[in-house]
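So for the sequence shown, my numbering puts the first residue at 2; every next one is plus one.
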Amino acid sequence: MKVIKEGQVVRIGIGDMGIVHPPHLIRTSGLGSCVGIVLYDDIKKLAGMAHIMLPEASLAKKQGLKRAKYADTAIEDLITALRGAGASSYRLKAKLAGGAQMFQFTSNSDMMRIGPRNVEAVKKNLQSLHIPILAADVGGKSGRTIEFNPETANLHIKKVNQGESVI
Numbered sequence: 002m003k004v005i006k007e008g009q010v011v012r013i014g015i016g017d018m019g020i021v022h023p024p025h026l027i028r029t030s031g032l033g034s035c036v037g038i039v040l041y042d043d044i045k046k047l048a049g050m051a052h053i054m055l056p057e058a059s060l061a062k063k064q065g066l067k068r069a070k071y072a073d074t075a076i077e078d079l080i081t082a083l084r085g086a087g088a089s090s091y092r093l094k095a096k097l098a099g100g101a102q103m104f105q106f107t108s109n110s111d112m113m114r115i116g117p118r119n120v121e122a123v124k125k126n127l128q129s130l131h132i133p134i135l136a137a138d139v140g141g142k143s144g145r146t147i148e149f150n151p152e153t154a155n156l157h158i159k160k161v162n163q164g165e166s167v168i
């Protein structure tokens with residue numbers, strides 16, 4: 002987990018997470034079927050981001066488990082880190098992006114729906130924790146890069162071949 006104190010853009014890698022406060026921004030790229038989740042406390046101006054690859058840690062081999070890769074464990078750890086930095090779990094809000102279905106499969110197997118399953122898992126976990134999702138840009142077939150500004154609570158999204166938006 003990265004905690005940065007100098008003014009810069011913090012880059013979150015695949016299956017990683019970090020937290021920031023102004024004037025820092027936090028960014029992740031390469032969101033295809035992965036989901037980028039931002040949890041933030043807009044009073045404390047603290048934000049955390051995770052680049053989630055898979056829906057749940059039970060899909061992993063227990064040895065060498067990288068908790069930030071999975072929706073259930075990444076969200077849990079992100080909340081713990083934000084609370085440790087002074088955020089209130091009662092004030093946390095969420096924004097999401099990603100979860101694309103990057104490839105077409107002839108099979109209707111649920112296992113091939115990685116992007117949609119990631120989105121469903123993130124939403125289910127947030128709902129069980131009573132964390133509201135204020136905005137989301139999920140699904141489709143395009144990869145994304147996202148950047149969050151904890152000062153404004155804006156999530157800037159760049160979609161491959163589809164332009165940019167802010168949620």
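Glycine residues also receive a C-beta, built at the ideal position from the N, C-alpha and C atoms.
Asked: Cutoff 7 Å; reference Leu-66; Cβ partners in own chain excluding five residues on either side; Found: Ala-58
Asked: Per-residue DSSP class, three states only, for Asp-43; Found: coil
Asked: Glu-148 - partner residues in DSSP beta bridges; Found: Arg-28, His-157
Asked: Own chain partners of Val-174 with C-beta closer than 7 Å, once the 5 adjacent residues on each side are dropped; Found: The requested residue 174 is not part of the displayed model; the chain covers only 2 to 168.
Asked: Which residues DSSP lists as bridging Ser-166, in chain order; Found: Ile-158
Asked: Inter-stretch contact (C-beta, 8 Å, three-pair minimum) for the segment 68-77 and the segment 118-130; Found: yes
Asked: Proximal residues to Ala-136 (C-beta, below 6 Å), its chain only, five neighbours per side dropped; Found: Lys-96, Ile-168
Asked: Ala-98 and Lys-142 closer than 8 Å at C-beta; Found: no
Asked: For Ile-147 and Leu-55, believed in contact at Cβ under 8 Å, the rounded distance; Found: With a Cβ gap of about 18 Å, Leu-55 and Ile-147 do not count as contacting.
Asked: From His-52, Tyr-91, Thr-29, Arg-68, residue whose alpha carbon lies closest to that of Ile-44; Found: Tyr-91
Asked: Rounded distance between the beta-carbons of Ile-15 and Met-50, thought under 8 Å; Found: Their Cβ separation, rounded to whole angstroms, is 12 Å, which puts Met-50 and Ile-15 out of contact at 8 Å.
Asked: C-beta atoms of Leu-40 and Ile-132 nearer than 8 Å; Found: yes
Asked: Asp-73, enclosing beta strand (DSSP E) - first and last residue; Found: Where Asp-73 is concerned, there is no enclosing beta strand (DSSP E), although the alpha helix (DSSP H) it sits in stretches over 72-85.
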